[in-house]
Every structure is written in structure tokens, then in C-alpha cells.
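*Asks:*
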Amino acid sequence: MGTLSSAAVAAKKSSLTPKAIISQKFGSKASYKVDEVEESFPNECPGLAIRQKGRCLYRCHLQLPELSVVSGTFTRKKDAEQAAAEKAIEMLGIHVKENNPTEEEAWDELVDRLAYLFSSEFLSSGHPLSGHFRAVLKRKGHLNGCIPISVMAMYDAKLTNLCKHINPEVESNPLGITSIILSAAEKLSGSLLPLEDHLSLKRQSPHPPDVLQSVENCESTLLESFEIQAIRIPSSVNETIETLVLNLSSASYYLDVIAEALGVTEASRVQVSRTIGKASSEIRLYFCPKQQLLDQSLEPLEVHRVQLQGSLNVRASYFAGQEVYGDAILASVGYVWKSANLFHEDLSMRTYYRLLINKIPSGVYKLSREAIFVAELPMAFTTRSNWRGFFPREILYTFCRQHRLAEPVFCIRNSSLGTSTDPHGTCKKLKVTEPIEEGKKSPVLAAAGGGESDGLTGDFQCEVKIFSKCQDLILQFLSTKAYKKQTDAVQNAALKVLLWLNLFFRESNISSEKLSSNAKELGIQFYSEYFLKEFNICSLVHDFWMSFATVEDGLLDHKHMKANDDMLENGVFSLNMGGQASGVNPSSGSLVCIGYTSCLVTEGGMKEHLESNEEFEFEMGIGAVVPYIEGILTQLSVGQSACFGAELPPLEFILAAADDSPTTISLLQRKCSLEHTITLLRVTEPLEDRMEQALFSPPLSKQRVEYALQHIQESHALSMIDFGCGSGSLLDSLLDYPTSLEKIVGVDISQKSLARAAKMLHSKLNSKLDYKVSSNRIKSAVLYDGSITNFDSRLCGFDIGTCLEVIEHMEEQEASLFGDVVLSSFCPRILIISTPNYEYNVILQKSAPQNQEEDPDEKNQSQAYKFRNHDHKFEWTRAQFCDWATDLSRRHNYSVEFSGVGGVGDVEPGFASQIAVFRRKEENPKSVEMAHHCKVIWEWSEGDRSKSAL
Ligand code: SAH
Ligand code: MG
668 MGTLSSAAVA
678 AKKSSLTPKA
688 IISQKFGSKA
698 SYKVDEVEES
708 FPNECPGLAI
718 RQKGRCLYRC
728 HLQLPELSVV
738 SGTFTRKKDA
748 EQAAAEKAIE
758 MLGIHVKENN
768 PTEEEAWDEL
778 VDRLAYLFSS
788 EFLSSGHPLS
798 GHFRAVLKRK
808 GHLNGCIPIS
818 VMAMYDAKLT
828 NLCKHINPEV
838 ESNPLGITSI
848 ILSAAEKLSG
858 SLLPLEDHLS
868 LKRQSPHPPD
878 VLQSVENCES
888 TLLESFEIQA
898 IRIPSSVNET
908 IETLVLNLSS
918 ASYYLDVIAE
928 ALGVTEASRV
938 QVSRTIGKAS
948 SEIRLYFCPK
958 QQLLDQSLEP
968 LEVHRVQLQG
978 SLNVRASYFA
988 GQEVYGDAIL
998 ASVGYVWKSA
1008 NLFHEDLSMR
1018 TYYRLLINKI
1028 PSGVYKLSRE
1038 AIFVAELPMA
1048 FTTRSNWRGF
1058 FPREILYTFC
1068 RQHRLAEPVF
1078 CIRNSSLGTS
1088 TDPHGTCKKL
1098 KVTEPIEEGK
1108 KSPVLAAAGG
1118 GESDGLTGDF
1128 QCEVKIFSKC
1138 QDLILQFLST
1148 KAYKKQTDAV
1158 QNAALKVLLW
1168 LNLFFRESNI
1178 SSEKLSSNAK
1188 ELGIQFYSEY
1198 FLKEFNICSL
1208 VHDFWMSFAT
1218 VEDGLLDHKH
1228 MKANDDMLEN
1238 GVFSLNMGGQ
1248 ASGVNPSSGS
1258 LVCIGYTSCL
1268 VTEGGMKEHL
1278 ESNEEFEFEM
1288 GIGAVVPYIE
1298 GILTQLSVGQ
1308 SACFGAELPP
1318 LEFILAAADD
1328 SPTTISLLQR
1338 KCSLEHTITL
1348 LRVTEPLEDR
1358 MEQALFSPPL
1368 SKQRVEYALQ
1378 HIQESHALSM
1388 IDFGCGSGSL
1398 LDSLLDYPTS
1408 LEKIVGVDIS
1418 QKSLARAAKM
1428 LHSKLNSKLD
1438 YKVSSNRIKS
1448 AVLYDGSITN
1458 FDSRLCGFDI
1468 GTCLEVIEHM
1478 EEQEASLFGD
1488 VVLSSFCPRI
1498 LIISTPNYEY
1508 NVILQKSAPQ
1518 NQEEDPDEKN
1528 QSQAYKFRNH
1538 DHKFEWTRAQ
1548 FCDWATDLSR
1558 RHNYSVEFSG
1568 VGGVGDVEPG
1578 FASQIAVFRR
1588 KEENPKSVEM
1598 AHHCKVIWEW
1608 SEGDRSKSAL
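Each residue of the sequence shown is one higher than the one before, starting from 668 at the first, in the working numbering.
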């Protein structure tokens, strides 16, 4: 959750709030829009602490001419508005200096605040810090009533903000706060007493007896002692982290117990970090740097310098986002708002490792899916309805928060706004710079469309910028691709950035050349100096972490953890498949649901359960699961299971999943591997297929096959080639009918689809007893891997060529290129091309079985009707298709006829699938030069069948 920064505090203190300043400057041109946000997003760290669901937070968008900003999230609407105004003031560089308190005024305010904190009145306030003030009254001896300055600095935002105002450097060095508070306390020397170590303060005179009595009265009922489990993070990276138990009791001060565990006598030595992970958590780091106060004889108002000593604790520093020296303890304990009691909770090793992997983009995604071993940050954002887990944009927000960067800045550009398509002539030159809220119309777009989003078909491009806390630009990305939908542009842009960032975490020793070349490939510009400044420490933690395995006794060396010798492809071994094949296979674009269990197994057969999911759904073909699992799924059909071994993932993932860390760690001392058992539960085909099956009988795909079949039979074709054959549905079906065909060929660029086509053709062509097969005369069949836009002499001279529902999967120029190549060089006697009729989408989308997961917001999105499949690059109207095909046929001496399948041709809006049939006018095509660019990926000839029949 956001906090108002010093600028806001300063502005607030003066008569003018940030909103007032904005209003002075912009008047009614400033428009505020407040959205509700669920707290769990994006602050959630799944599985951590208690879930605080349901609380509603607010985020404010402030639109100004030429600039728009979005605030962080706040519990109160007005705080969100002030924060947005404040942000705009900062970005516009408006000087609020004259409204700021002078340094002297800040000192005065600080002194006032201190006086208030030590007052009897504060003792009974609900402020979290007041819990500490009450608890220290139970400290023994001279420490009675002594409050560590580090605690005041951490628990009172007002104090911290004033300190930041006095010296902005304390932002990065929280210890500086101690010095400032101490200096301020000297001004209260009549009533406050610094302890000789100068690290804590107490009242000169005790609270009046009645006050003390009332404190005691309300606490005495809570007398109890209890244990909590915490995590020790030794400063030396050669020592492993471990759990420890803290014995707390409400009769003492918990920080004294932590101090003791850290090897010092009392609480004032202990530094407390900000909260870690989820913002609403109480997980903090406790550590005691050897600190030395220099220049003890300074005048009041001069800042004492505190020097830190000891060795840097890299892991703890990484978590805290500040320098941590010496051993540290990670614990979840503290006084929180609205509770007089000490909040406390056990932390496990698992929590620690989940916090750790939550700092990596893929880790955030894995945790959001509760599938550490299976889920992987997908490579593409296809549609909202197919995405599972946190959205890329949320992950990027989480990532930036985790690494204490500024919030990422998204800018949307809509090319159609810059052109005359804008009916109102407003916003013409406007370069749209705006934040985006999922599925909501942005103010600018709404204005441009006059309140109606219809007709605003856009080409949206999204720019992302990431800044450090000090506003140094770390990286920027501008998509070269334009998207029809704003959401798609935003999510894809965020995803690109995440994929690149993830690379850095995947290979902790990645070279800067590799980072640069990958950035270039993705279209990312990064500023390595600033990037490394922010992220250097990450690779240290990861390096350390990797070697954690090897330190103890050298048994846990990663490189030697490969298990058996019978390794198959992709790091998978001992693959065992079972269950009846149902014939329903997952393919790219389909939603797949699996159930799985992942265990750790040792060579000796010991097994430890790590993770399982009864139903895990994801889109196939975009890398939403680890590659080897997707690979195995392509071989399974619904109802089948596979059990197989795989190499171990990094330890941090294993320990983030393990319930019983000690057992897991002890098993890891041996040769181990991961064992997965996966069952394919169901496959939901892409929307297009579902529509085609539900609305047409026979299904549209079957009608296309029958259409092609009719032409094959009429033409007595001996050879046929299927351009863009996919998984071979046409070739497969053709084998079920008697035809004159002797040679069949399929070409596609998808190896996965081709592999499936090959398997299917193989089994069909080789089954000697199949009565259907006996009815065909096929002598040879070949599958080629290659693009149909490239010339290959082996694709020439077929009697009939088909290209069903393929061209719309290419960019329009590519489709035209294919048209030219096929008619000028491949020259089939007959060529059948089918593609969706865009005009028919009206009917499909009105009556389609509305799939529940489809986003309701998309319906009133800019595009009038959606394309049928997210992979479609275009869908043509009848006129567009007719123009394209007619022009082609004229140029290459073919005739062309139009028809289609699904619906009725001469009733509006025509066929569902429109088809052009080209016929070559010349008898003999020109001879062609030999050229091979396709790869034969499977080949069959009649002889093979007789062989297998023996
Ligand atoms: N014709 C098949 C598959 C249609 S899906 C059917 O009707 O079932 C579209 C197919 O076109 C995909 O398999 C895709 O891999 C393929 N494709 C797209 N661009 C291609 C190209 N340039 N060269 C070859 N195949 C391509
Ligand atoms: Mg298609």
C-alpha cells in the first residue's frame, strides 16, 4: 500500500494540499478517477502469512493535459487522490518549495512529535508504536521505559518522513534516522533522557501512577508465554539458513528476546527492517550491526554520524533492500494497528524460500498458480480468457515493488487517434500517455470516441518504462507490434519485459553480451549501469544459493544430480505412459487441464511429496508449463497418464514447495531426481473449433473436408498437396474415403502439428487390416516442414492443392506472397483456398456457446467483432477475399470461382468459411529449377506397409 511521501507531508503541512496545487494550476482540466482494487493484488505473496482478502483499496488516475498519472493503492479514496496529485506535481517538476516547511520548521515538528510520543496520552493510542511504549514498561532495571530509537524510526511514519525532509539520504540509510532523532531529543533534554549508548530514549520522569496502573490493568489479563519459529540468516554465505525458536512472553519486551537470540544484551542494539514480502505482513528482519556513534559532542541540530561495522549480510540485504550487517533473524512478530496485542506467527524454511522466489518473475507466476514445478511464465499473452494466474502487468508491479523500484510506467499509443478517424477532431495530435486499468475505457479514448467505443478499431502499442527509486531510467520497451485491443498491447509489453528480466534470474552468471543481445531481440533498451546498480546483489544471492548445495559436504552438487542413465529428450527419463487412448489430443491454443503430483525421489527409492494439483489448467503452445511437460502432453490423449523422472530444478524452488524442509534437505544429500505423475483430464479446443462444432452439423471442419473430397473425386486427381496441413486433419479424413489419390503431401511450419500428423498417418497407412485403408490406393505420403511462402520444387505440379484455413494465420503480405508463389511456381491444376468470412462472425458470436471464461468486457471493446481465433492475423469480408483472389488469378492465368461451407451462399452474410477454387488455364506448367528448402520430416511408401505387415 502506498504511503504519502515527504513531499505530501510537506505540502500537507502548508495550507496547500497536492490536490489544491494541481487545482491552482489546471482548474477543471484536471480529472480524477478512482478505481477500487482488491488488496490481494498486487501486494500478494501467495501462501504467505494470513490471507487478508476482501479489503477494498483505492487507486486514483489523474488526467491532466499532456500527462496522466496513477497513484498507489490506499485505504481511503482521498489519500489516493492526494497521492496522484503529488505524483503529478513531482513529474511536472512544480516547485512546492515555498509551501514546504523550512529545515528549522521540520526540526521543530520533529521535536513536537517526539514529545507527543513520550506523552501519557500516546501510551493509550492505537498506534503500533504505542504497543512498544507499553511493553518497555516491563523491562527490568535501568532499561525500564527505555525505547530503542530504531523502533521509533521504523514504526512511526511521521517521524521518518520528517527525518527524510531534514536529510533525504536517510531514505537509503535508515540508520541516519537514529542520529536525527537523537539530535532532536537533545532539544527535549529536560524531559527526555538518552541512554548512555545513545541508542534509546526514556522519559526523565515516569508516567503518573494512574496511567501506569491502567496500562497494567489492560495487559495483566494477557499474561502468557509462547514460542514462535523464526529464521536465522547468518551473515556468512557459507552458513545455511536455519529455523530458530523465540520464547516470547507478554511479560517482557519481545525485542529483548530477539536481541538475545542475536547475541546482544538488549533491544536498542537491534535494527528493524521494513516489512518484507506482502506489504501488510509483519515479516521483518532483525539484525544488530556493530554501530558506533561518532562525534558525540556535537551541538543539537547537527546530525550525529553513525558508522556501521561488521560483515555485509548479502541475503538479508537482498530481502530488506537496505544494507544489513551481521547475522539476521527473519520473524513475523510486532504490534499492528487496531490490536493491542502482539501479533505473532511462525515462519518456516518454506516461507523463506517462497519469499526468495517471489523476487523472480517466473517465481511470482509459479506462486500465483501454486504450481512451482509445473507452471512457467508463458512466452506469449494470447487472450485474457486463456491466461491463468497473475497477469503480466501485475507481476511487473509486484516485481518492481519487491526490488524497491518505482512503479512501472505504461504508455499506450493508439495510431487511429492520430488520424482523421476521430469523428470529433479532438485529441488529434495527442500522444496518448496514460495509465491503463484492465478492461476499463481510459478517459482519453472515451473522449475521442465521444463516449462510444464502437468504431474505435485501434492499433494499440504499449510502451513500458522502469525507473529506479531515484528515477533513473533502467529499461524501456516499445512494442513494434500493434494490437487490436489495449489489454493485449499492455499485457504483451509487460510480458516482454518480464521475460527479459527473468533471463537474468535464470542464469545468475549471464554475460552482459547475452543480456544485451536478448534485449535487442525483444526490443528492450536497458541501461546497464543503472540496471546492474539495482540488480547486482540478486546474482550474489543466487550464486550463494546455488553453492549452498555444495558447501556442507559436497554432496549436493547440482551438476551431478542427474539421475539415471536412461535419459530421454529434454531432461526427462523413465517415461511410462498408461491409460486408454481416447483420440482427444491437446494442440496449440487449446486449454488443457491436468492433474499432477511431483515428488522428490532418491536413487534408493525414497520418496518425498513436494507438490500436487488436482486440476491445473493452462493454454497449450505458449510455454505456460515447463517445456518437458508440454512435450509429454503432446503425446497423451485425454484420460491417459504419464509418470516420468526429471532433473532437479534449482534448490530454491524445491524448498519453496517442500512442506517438510528437514526431510527434503536430508534426502537431497543423496542422488535425487524429480518424479512427476501427470494425468490429462480434459482439453478445451480453441473458441473457433468449439464454435464450428457447436453451430454446424456436420462440423465446419468436416464440411471443408467433404468439399475438398468432392473436388478430388471429380477431378480424378492422382496427387494432392495440403498447404498448411496442421495436424493432418484433412489428410487423415481423406484416407477414410475411396479416391483416386496415389500421392499425398502435407506442408506446415509447426513441427508439433507435423509430428502429430505423422503419427496418425503412420498408424492409419500401416494398419493392414483396416477396411477403410484398403479402399485407398495411396502409394506414397510425405510431410514437409517448411513455409509455404518459400519456393521448393518438390511442391510443384500436383493435381490438386488445398490450403484450408491457413492464410489468415499469416500477415497479409505473406498471404499474398503465398498466392503468387503457389500460382506462379507450384502450379497445381486445381487449388482450393478457404478462409473465414468475417461478415459471418456476427452470427457466430451472437449464438456461440458463450464460453464463460470469455471476458465480458471484451464485448464492448473497440473491435466490432472479434476474430475467431487469437492466432488470426486478419479475417476478410467476402469483397476483400474476392478482390484478392480475382487479382491473383488474373495475374497467373488461372480461373477462379467462389463458394464456401457453413450457411447459405446467397443469403446474407454468406458462408461461414469462404472458399476460392482456382483452375489452371494452361495445360502444362513451365518447368522449374530444382530447389529444396523444406525438410522431410516423415515419409511413407507402399513398401513400408508390406514390411510392417510381415
Ligand atoms: N489446414 C489445417 C490447419 C489449419 S491451422 C486444417 O484445416 O485443419 C493453420 C495452419 O497453418 C497451422 O498449422 C500453421 O502452422 C500453418 N501455417 C501458418 N503459416 C504457415 C506458413 N507460412 N507455412 C506453412 N504453414 C503455415
Ligand atoms: Mg484459422
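Virtual Cβ for every residue (Gly too), placed ideally from N, Cα, C.
Hey, how far is the Cα of Asp994 from the Cα of Ile1332?
*Replies:* By 1-based counting over the sequence shown, the position of residue 994 is 327. By 1-based counting over the sequence shown, the position of residue 1332 is 665. Approximately 22 Å between the Cα atoms of the pair.
*Asks:* Would Val704 pass as a contact of Leu724 if the rule is Cβ separation under 8 Å?
*Replies:* Along the sequence shown, read from residue 1 onward, the residue named residue 704 stands at position 37. Along the sequence shown, read from residue 1 onward, the residue named residue 724 stands at position 57. Yes; because the gap between Cβ atoms is below 8 Å, this pair is in contact.
*Asks:* Does the beta carbon of His1476 fall short of 7 Å from some heavy atom of the ligand SAH?
*Replies:* By 1-based counting over the sequence shown, the position of residue 1476 is 809. Yes - the ligand SAH has a heavy atom lying nearer than 7 Å to the Cβ of His1476.
*Asks:* Using only CA atoms, which one of Asn914, Phe954, Glu1043, Tyr920 lies nearest to Val931?
*Replies:* To locate residue 931, count along the sequence shown from 1; it is residue 264. Of Asn914, Phe954, Glu1043, Tyr920, the residue nearest in Cα terms is Phe954.
*Asks:* Am I right that His1539 and Glu1475 are in contact with their C-beta atoms under 8 Å? What's the rounded C-beta distance?
*Replies:* Residue 1539 sits at position 872 when you count from the first residue of the sequence shown. Residue 1475 sits at position 808 when you count from the first residue of the sequence shown. With a Cβ gap of about 5 Å, His1539 and Glu1475 count as contacting.
*Asks:* So is the beta-carbon of His1378 under 7 Å away from any non-hydrogen atom of the ligand MG?
*Replies:* One-based indexing of the sequence shown puts residue 1378 at position 711. His1378: no, Cβ never under 7 Å from the ligand MG.
*Asks:* For Asn980, does the three-state DSSP call read helix, strand or coil?
*Replies:* Locating residue 980 in the sequence shown gives position 313, where the first residue counts as 1. Correct three-state label for Asn980: coil.
*Asks:* Here's a check: name, in chain order, each residue in its chain whose Cβ is nearer than 6 Å to the Cβ of Ser787, leaving out the five neighbours to either side.
*Replies:* Taking the first residue of the sequence shown as 1, we reach residue 787 at position 120. For Ser787, where only same-chain residues beyond five positions count, the Cβ hits under 6 Å are His874, Val878.
*Asks:* So what does DSSP say about Glu894, is it helix, strand or coil?
*Replies:* Residue mapping note: residue 894 aligns to position 227 of the sequence shown, counting from 1. It is a strand residue.
*Asks:* Can you tell which of Asn1504, Phe1040, Glu891 has the C-alpha that lies nearest to the C-alpha of Ala1546?
*Replies:* Counting from 1 along the sequence shown, the entry for residue 1546 is found at position 879. Considering only alpha carbons, the answer is Asn1504.
*Asks:* Note down the Cα distance separating His1494 from Ser1340, rounded to an integer number of angstroms.
*Replies:* Position 827 of the sequence shown, counting from 1, holds the residue named residue 1494. Position 673 of the sequence shown, counting from 1, holds the residue named residue 1340. Per the sequence shown, residue 1494 should be read as Cys rather than His. Distance between the alpha carbons of Cys1494 and Ser1340: 54 Å.
*Asks:* Let me check one thing: in DSSP terms, what residues is Gly910 bridge-paired to?
*Replies:* On the sequence shown, position 243 is the one that residue 910 refers to. The sequence shown places Thr at residue 910, rather than the Gly named in the question. For Thr910, which the question treats as bridged, DSSP gives the partners Ile898.
*Asks:* Out of curiosity, what's the CA-to-CA distance linking Phe1193 and Ser1566?
*Replies:* In the sequence shown, counting from the first residue as 1, residue 1193 sits at position 526. In the sequence shown, counting from the first residue as 1, residue 1566 sits at position 899. When rounded, the distance between both Cα atoms is 52 Å.
*Asks:* Along the chain, where does the beta strand (DSSP E) that runs through Asn1243 open and close?
*Replies:* Indexing the sequence shown from 1 puts residue 1243 at position 576. 1239-1245 is the span of the beta strand (DSSP E), which, as asked, contains Asn1243.
*Asks:* Considering only DSSP beta bridges, list what Tyr992 is partnered with.
*Replies:* For the purposes of this step, residue 992 is taken as residue 325 along the sequence shown, with counting starting at 1. For Tyr992, which the question treats as bridged, DSSP gives the partners Leu979.
*Asks:* With DSSP as the reference, label Pro1110 as helix, strand or coil.
*Replies:* Taking the sequence shown and counting its residues from 1, the one referred to as residue 1110 is at position 443. Reliability fails at Pro1110, whose pLDDT of 34 lies under 50, so the model's placement of it is uncertain and the value that follows must be treated cautiously. The answer is helix: DSSP assigns Pro1110 an H, G or I state.
*Asks:* Quick one: is the Cβ of Val1473 within less than 7 Å of any heavy atom of the ligand SAH?
*Replies:* Walking along the sequence shown from the start, residue 1473 turns up at place 806. Yes; taking the cut-off as 7 Å, the Cβ of Val1473 has a heavy atom of the ligand SAH nearer than that.
*Asks:* Within the same chain, show all residues whose beta-carbon is closer than 6 Å to that of Thr1264, passing over the 5 residues directly before and after it, in chain order.
*Replies:* The residue given as residue 1264 occupies position 597 in the sequence shown. Taken in chain order, the residues that qualify are Ser1279, Thr1344.
*Asks:* Alpha carbon to alpha carbon, what distance is there between Ser1035 and Glu757?
*Replies:* Locating residue 757 in the sequence shown gives position 90, where the first residue counts as 1. Locating residue 1035 in the sequence shown gives position 368, where the first residue counts as 1. Cα-Cα distance, rounded: 34 Å.
*Asks:* If I follow the unbroken alpha helix (DSSP H) through Cys1310, where does it start and stop?
*Replies:* Position 643 of the sequence shown, counting from 1, holds the residue named residue 1310. First-last for Cys1310: 1308-1313, but that is the beta strand (DSSP E), not the alpha helix (DSSP H).
*Asks:* Mind checking Arg1371: buried by the 16 CB within 10 Å criterion, or exposed?
*Replies:* Here residue 1371 refers to the residue found at position 704 of the sequence shown. So Arg1371 ends up on the buried side.
*Asks:* Can you list the beta strand (DSSP E) stretches of 3 or more residues lying completely in the stretch 1363-1429, in chain order?
*Replies:* 1386-1390, 1410-1415
*Asks:* Which whole-angstrom value is the C-beta distance of Ser858 and Gln871, which I expect to be below 8 Å?
*Replies:* As a working note, residue 858 is residue 191 in the sequence shown. As a working note, residue 871 is residue 204 in the sequence shown. About 5 Å; that satisfies the 8 Å criterion.
*Asks:* Give, in chain order, every unbroken run of the beta strand (DSSP E) that is at least 3 residues long and sits entirely within the stretch 1006-1073.
*Replies:* 1009-1012
*Asks:* Can you find the residues in the same chain that come closer than 7 Å, C-beta to C-beta, to Leu1367, ignoring five residues on each side of it along the sequence?
*Replies:* Numbered from its first residue, the sequence shown carries residue 1367 at position 700. Contacts found: Glu1359, Val1568, Gly1569, Ala1579, Ser1580.
*Asks:* Note down, in chain order, each residue of its chain lying with its Cβ closer than 7 Å to the Cβ of Tyr1404, except the 5 sequence neighbours on either side.
*Replies:* Numbered from 1 along the sequence shown, position 737 holds the residue referred to as residue 1404. Taken in chain order, the residues that qualify are Leu1376.
*Asks:* Where DSSP assigns a beta bridge to Phe1565, which residues make up the other side?
*Replies:* Along the sequence shown, read from residue 1 onward, the residue named residue 1565 stands at position 898. In the DSSP output, where bridge partners are listed per residue, Phe1565 has Ala1583.
*Asks:* Can you give the beta carbon distance from Trp1167 to Leu1189, rounded, assuming they're within the 8 Å contact cut?
*Replies:* Sequence index remark: in the sequence shown, residue 1167 carries index 500 (1-based). Sequence index remark: in the sequence shown, residue 1189 carries index 522 (1-based). Right, their Cβ atoms sit about 5 Å apart.
*Asks:* Which two residues bound the contiguous beta strand (DSSP E) that contains Gln1192?
*Replies:* Numbered from its first residue, the sequence shown carries residue 1192 at position 525. Per DSSP, Gln1192 belongs to the beta strand (DSSP E) from 1191-1193.
*Asks:* Between which two residues does the alpha helix (DSSP H) carrying Arg780 extend?
*Replies:* The sequence position of residue 780 within the sequence shown is 113, counting from 1. 770-784 is the span of the alpha helix (DSSP H), which, as asked, contains Arg780.
*Asks:* Would you identify the three-state DSSP class for Glu1609, choosing helix, strand or coil?
*Replies:* Stepping through the sequence shown from its first residue, residue 1609 is reached at position 942. Reduced to three states, the DSSP call for Glu1609 is helix.
*Asks:* My guess is that Ile1388 and Val1414 are in contact by the Cβ rule of under 8 Å, so how many angstroms apart are they, rounded?
*Replies:* As a first step, residue 1388 is located in the sequence shown; it is residue number 721 there, counting from the start. As a first step, residue 1414 is located in the sequence shown; it is residue number 747 there, counting from the start. About 7 Å separates the two Cβ atoms, so the contact holds.
*Asks:* Does the distance between the C-beta of His1539 and the nearest non-hydrogen atom of the ligand MG fall short of 7 Å?
*Replies:* Indexing the sequence shown from 1 puts residue 1539 at position 872. His1539 Cβ: within cutoff of the ligand MG.
*Asks:* For Ala773, which residues from the same chain have a beta carbon less than 6 Å from its beta carbon, with the 5 sequence-adjacent residues on both sides left out?
*Replies:* Position 106 of the sequence shown, counted from the start, is the residue given in the question as residue 773. The residues are Leu829, His832, Ile833.
*Asks:* Have a look at Tyr1019 and Gly694 and give me their C-alpha separation to the nearest angstrom.
*Replies:* If you number the sequence shown from 1, residue 1019 lands on position 352. If you number the sequence shown from 1, residue 694 lands on position 27. Those two C-alpha atoms are separated by around 49 Å.
*Asks:* Buried or exposed: where does Phe785 fall if 16 or more other Cβ atoms within 10 Å of its Cβ makes it buried?
*Replies:* Here residue 785 is taken as the residue at index 118 of the sequence shown, counted from 1. Flag for Phe785 reads buried.
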